[in-house]
Every structure is written in C-alpha cells, then in structure tokens.
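Below you'll find the structure, written out as structure tokens, and then a few comments.
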Amino acid sequence: MSIYKDLKIGTTIRNLRNKSGYSQKYMYKELGVSAATYSGYETNCTEPKRDMLFKICQLLETNLKDLVVMSIFGQEKEGIDESKL
Numbered sequence: 009m010s011i012y013k014d015l016k017i018g019t020t021i022r023n024l025r026n027k028s029g030y031s032q033k034y035m036y037k038e039l040g041v042s043a044a045t046y047s048g049y050e051t052n053c054t055e056p057k058r059d060m061l062f063k064i065c066q067l068l069e070t071n072l073k074d075l076v077v078m079s080i081f082g083q084e085k086e087g088i089d090e091s092k093l
C-alpha cells in the first residue's frame, strides 16, 4: 500500500521540473530510467520508489518533505507557511 497514492506527486514533480527549466529527456537520462517510466511519474501513472524520489528531489533541488507538502497543498515551496501545518 502506498502512502503517496493520492498525493499527485507526479504533478508537483512536473511543475518543479518546468520551473527548473529541465526537459523530461534531461530528467530521465540523469535518473537512469526510460522515457516511458519518467513520463509515468509525471502523469501519476507510475509511482516512483522512495530511492527514486530522493534522486528526483536532488535533481530538482528540493527535499522529500517539501515535495510531499507541495503535493498536498498545491503550492510552490516559497509559498508554504509551515507555521500553519
């Protein structure tokens, strides 16, 4: 059972990737996965395993906590008021 199932982390990954100016090709090559696998992450069809999430976070210069919080609240890192969590 997944703790990330309903979070739509893939959407947040896509938004952060676009903000960073990276292409999907750059991401899947850096992560060592196929284009189809990476596309599945961003479309929420394939759930990345925990170690892959850490690699994605490293490339996108964020951390897993912020990725999950952004996925829950639909906000960019700069817009999160952690005192309200």
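Position one of the sequence shown corresponds to residue 9 (this note's numbering), numbered consecutively onward.
We put the beta carbon where it would ideally sit given N, CA and C, even for glycine.
Legend entry - CB-CB length for Ser42 against Tyr36, believed under 8 Å: Taking the first residue of the sequence shown as 1, we reach residue 42 at position 34. Taking the first residue of the sequence shown as 1, we reach residue 36 at position 28. So it is a contact: roughly 7 Å between Cβ atoms.
Inset, instruction - Can you have a look at Thr20 and say buried or exposed, based on whether 16 or more other CB atoms are within 10 angstroms of its CB? - result: To locate residue 20, count along the sequence shown from 1; it is residue 12. The residue is buried, with at least 16 neighbouring Cβ atoms inside 10 Å.
Inset, instruction - Mind checking which residues open and close the alpha helix (DSSP H) that includes Tyr36? - result: The sequence position of residue 36 within the sequence shown is 28, counting from 1. First-last of the alpha helix (DSSP H) with Tyr36: Gln32 to Leu39.
Legend entry - Residue of Val77, Met60, Val76 and Gly82 minimising C-alpha distance to Glu38: Along the sequence shown, one-based indexing puts residue 38 at 30. Closest by alpha carbon: Met60.
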